[in-house]
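First residue of the sequence shown? That's 1 in our numbering, and the numbers climb one at a time after it. Ideal placement from N, C-alpha and C gives every residue a C-beta, glycine not left out. Since we're looking at a predicted model, the values are computed, not measured.
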Amino acid sequence: MLRFFRLDPITRKRLRRFRQIKRGWYALLILVFATFLSIFANYIANSRAIMVYYEGRLYFPTFTYYEMATFGQEDDWGFDDAETEYRRLREEFAGTSNWLLMPLIPWDPYENDFTYDTSPPHPPDSRHWLGTDSQGRDVLARLIYGFRISIFFALALTFVSQVIGTIIGCLQGYLAATFDILSQRFIEIWSSLPFLYVVILIGTLVTPSFTLLLIVMSLFAWVGITYYMRTETYREKAREYCLAARAMGASPLRIMFKHILPNALTPLVTLTPFQIVAAIFALTALDFLGYGLPAPTPSWGELIDQALQPANRGYLWLSLSPFVAITVTLTLVTLIGESVREAFDPRPYAKYR
1 MLRFFRLDPI
11 TRKRLRRFRQ
21 IKRGWYALLI
31 LVFATFLSIF
41 ANYIANSRAI
51 MVYYEGRLYF
61 PTFTYYEMAT
71 FGQEDDWGFD
81 DAETEYRRLR
91 EEFAGTSNWL
101 LMPLIPWDPY
111 ENDFTYDTSP
121 PHPPDSRHWL
131 GTDSQGRDVL
141 ARLIYGFRIS
151 IFFALALTFV
161 SQVIGTIIGC
171 LQGYLAATFD
181 ILSQRFIEIW
191 SSLPFLYVVI
201 LIGTLVTPSF
211 TLLLIVMSLF
221 AWVGITYYMR
231 TETYREKARE
241 YCLAARAMGA
251 SPLRIMFKHI
261 LPNALTPLVT
271 LTPFQIVAAI
281 FALTALDFLG
291 YGLPAPTPSW
301 GELIDQALQP
311 ANRGYLWLSL
321 SPFVAITVTL
331 TLVTLIGESV
341 REAFDPRPYA
351 KYR
């Protein structure tokens with residue numbers, strides 16, 4: 001197993017070259033760190049406490065529903081069967097032995113804050129660091145959750161599309177002949193379908209979801225990678241090592257995925273960051289048009305749509321917040337992509353068999 005994952009000398013040189021390109025290396029570290037933090041978004045921005053110590057017992061409410069009666073709390077009408085209000089509970093615990101730990105941003109991305117004297121949106125203040133949107137929801141909390149949805153959607157879409165495109169492209173290049181001709185004609189017809197119209201049609205029939213959008217977009221996103229993998233496979237299968245493997249009786253699948261694919265990954269690796277950029281941009285555009293994830297899902301596109309509404313155009317924080325978030329994220333991914341393309345340039349390490 002360890003031998004299978006062992007990197008060849010050229011790949012190690014390319015990885016060292018990538019680390020020497022500081023802009024790409026630091027962009028990768030920042031993006032990985034931000035993605036890792038987004039996994040724990042429920043502990044960063046949430047109206048539920050992370051931990052509650054009450055009468056000698058610890059509670060962890062982040063993913064658990066606790067009624068007010070659990071902590072001796074009542075609402076304004078004297079009922080105690082609603083969910084605990086943890087921000088108010090923190091004030092009630094003052095001066096007692098009980099305590100609780102709230103997230104850094106004590107607001108849920110779906111929660112409306114109508115405690116201000118005027119109607120939302122409200123400008124940034126100590127209560128909401130980036131203000132609220134037109135529904136009174138915390139903008140920073142929605143940006144954080146929106147980043148998590150966008151980055152994991154982009155990673156999932158890129159992975160699925162590359163797996164499908166790589167398999168089909170390798171089969172086209174290796175089998176060639178009739179299979180290549182028929183599959184190419186199918187790809188030409190399939191790629192001519194209007195993607196946006198298909199999404200709009202599906203959105204009118206069913207409610208879009210993360211999984212549904214991933215499936216629909218994957219049906220179109222795999223096409224581009226087939227051209228690269230088809231060309232690489234055509235080139236590599238004529239090399240001596242493939243002829244030797246065929247002479248030794250290796251099966252076509254073994255030759256394609258054990259011998260040819262590891263030597264044809266350069267376009268796949270260099271295209272990955274740019275596919276992630278395209279996926280984030282596509283999801284944001286669909287959310288902006290209203291055909292993406294259903295409301296009230298936190299979304300950068302939905303925030304931009306709010307900012308461009310005539311009634312909200314004077315509230316700069318609504319437009320600047322998602323714009324800066326999208327710009328920074330796409331810039332980081334683009335820097336990684338350019339650095340990977342430079343590091344994996346086959347010319348400095350060309351190897352002829």
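Inset, instruction - Specify whether the region 71-84 and the region 132-141 touch according to this definition: at least 3 beta carbon pairs, one from each stretch, less than 8 Å apart. - result: By the Cβ criterion, the region 71-84 is not in contact with the region 132-141, since fewer than three pairs of Cβ atoms, one from each stretch, lie closer than 8 Å.
Legend entry - Per DSSP, the bridge partner or partners of R57: Within the DSSP bridge table, the entry for R57 names Y54 as partners.
Legend entry - Where L205 falls, given that 16 or more other Cβ within 10 Å makes a residue buried: Residue environment analysis places L205 among the exposed positions, since fewer than 16 neighbouring C-beta atoms fall within 10 angstroms of its C-beta.
Legend entry - N112 versus G165, L100, R142, residue with shortest Cα-Cα distance: Scanning G165, L100, R142 for the CA closest to the CA of N112 turns up R142.
Legend entry - Integer-rounded CB distance, given that T207 should sit under 8 Å from P294: Right, their Cβ atoms sit about 5 Å apart.
Legend entry - Beta carbon of N312 nearer than 9 Å to that of L318: In this structure, L318 lies closer than 9 Å to N312 by Cβ.
Legend entry - Cβ-Cβ distance between H128 and W107 below 9 Å: Yes, the pair counts as a contact, with Cβ atoms nearer than the cut-off.
Inset, instruction - Evaluate R148 with the Cβ neighbour count: other Cβ atoms within 10 Å of its Cβ, from every protein chain shown; 16 or more gives buried, anything less gives exposed. - result: Burial call: buried.
Inset, instruction - Check whether the Cβ atoms of D180 and R230 lie closer than 9 Å to each other. - result: At the C-beta level, D180 and R230 come within 9 Å of one another.
Inset, instruction - Specify, as a first and last residue, the run of the beta strand (DSSP E) that W99 falls within. - result: Its beta strand (DSSP E) spans residues 99-101.
Legend entry - Terminal residues of the alpha helix (DSSP H) in which S150 lies: Unbroken alpha helix (DSSP H) run through S150: 139-175.
Legend entry - Pairwise C-alpha distance: K237 and L430: Beyond the ends of the chain as shown, which are 1 and 353, falls residue 430; an answer cannot be given.
Legend entry - Assigned exposure category for A94 - 16 Cβ within 10 Å defines buried: That one is exposed.
Inset, instruction - Give the secondary structure of W91 by DSSP, where H, G and I count as helix, E and B as strand, and everything else as coil. - result: A quick correction: the sequence has Glu, not Trp, at residue 91. Helix, per DSSP.
Inset, instruction - State the DSSP-derived secondary structure class of A311, mapped to helix, strand or coil. - result: For A311, the secondary structure class from DSSP, reduced to helix, strand or coil, is helix.
Inset, instruction - Using alpha carbons as the reference points, say which of F186, L37, L213, D138 lies closest to P120. - result: Measuring from the Cα of P120, the nearest candidate turns out to be D138.
Inset, instruction - Grab the span of the alpha helix (DSSP H) containing P9 for me, first residue to last. - result: Counted as a single uninterrupted DSSP element, the alpha helix (DSSP H) harbouring P9 occupies residues 9-20.
Inset, instruction - Please look up how many angstroms separate the CB atoms of R48 and Y86, rounded, as I've assumed it's under 8 Å. - result: Yes, R48 and Y86 are in contact; Cβ-Cβ is about 6 Å, under 8 Å.
Legend entry - When T329, F159, F274, W300 are compared against E338, the one with the closest alpha-carbon: Ranking the options by Cα distance to E338, first place goes to F274.
Legend entry - Residue from A69, G169, R16 whose Cα sits closest to the Cα of M256: Cα-wise, what sits closest to M256 is G169.
Inset, instruction - Give the DSSP bridge partners of I105, in chain order. - result: Looking at the DSSP assignment, I105 forms a beta bridge with A45.
Inset, instruction - Return the CA-CA distance between A279 and G292, expressed in angstroms with no decimal places. - result: Computed Cα separation, rounded: 12 Å.
Inset, instruction - Taking only the alpha-carbon atoms, compute the straight-line gap between R341 and V277 and give it to the nearest angstrom. - result: Approximately 15 Å, taken between the alpha carbons.
Inset, instruction - Assign Y163 to buried or exposed, taking buried as 16 or more other Cβ atoms, counted over all protein chains shown, within 10 Å of its Cβ. - result: It should be noted that the sequence gives Val, not Tyr, for residue 163. Of the other Cβ atoms in all chains shown, fewer than 16 fall within 10 Å of the Cβ of V163; this residue is therefore exposed.
Inset, instruction - Please classify P103: is it buried, with 16 or more other beta-carbons within 10 angstroms of its beta-carbon, or exposed? - result: Residue environment analysis places P103 among the buried positions, since at least 16 neighbouring C-beta atoms fall within 10 angstroms of its C-beta.
Inset, instruction - Compute the Euclidean distance between the alpha carbons of I326 and G146, then round it to the nearest angstrom. - result: Using only the alpha carbons, I get a separation of about 10 Å.
Legend entry - Residue from A176, V333, L157, I44 with nearest C-alpha to I215: Among A176, V333, L157, I44, the Cα nearest to that of I215 is on L157.
Inset, instruction - Can you check the region 172-232 for any alpha helix (DSSP H) of at least 4 residues that lies completely inside it and give the ranges in chain order? - result: Qualifying alpha helix (DSSP H) stretches, in chain order: 177-191, 195-205, 210-221.
Legend entry - Cα-Cα separation, T392 to F288: Lying before the first or after the last residue shown, residue 392 is absent from the chain, which here runs from 1 to 353.
Legend entry - In DSSP terms, what T331 is bridged to: Answer is none; T331 lacks a bridge partner.
Inset, instruction - Can you give me the start and stop residues for the alpha helix (DSSP H) that Y241 sits inside? - result: Counting along the chain, the alpha helix (DSSP H) containing Y241 begins and ends at 240-247.
Inset, instruction - Can you grab the Cα-Cα spacing for the pair N263 / A27, in whole Å? - result: Between N263 and A27, the C-alpha separation is close to 27 Å.
Inset, instruction - Determine the direct distance from the alpha carbon of T211 to that of Q73, and round the result to whole angstroms. - result: Annotation: Q73 to T211 spans about 39 Å, alpha carbon to alpha carbon.
Legend entry - One or two residues paired with E67 in a DSSP bridge: Beta-bridge pairing links E67 to E83.
Legend entry - Nearest-angstrom Cα separation, counted from L268 out to V160: Distance between the alpha carbons of V160 and L268: 13 Å.
Legend entry - M68 to R90 span [Cα, whole Å]: When rounded, the distance between both Cα atoms is 13 Å.
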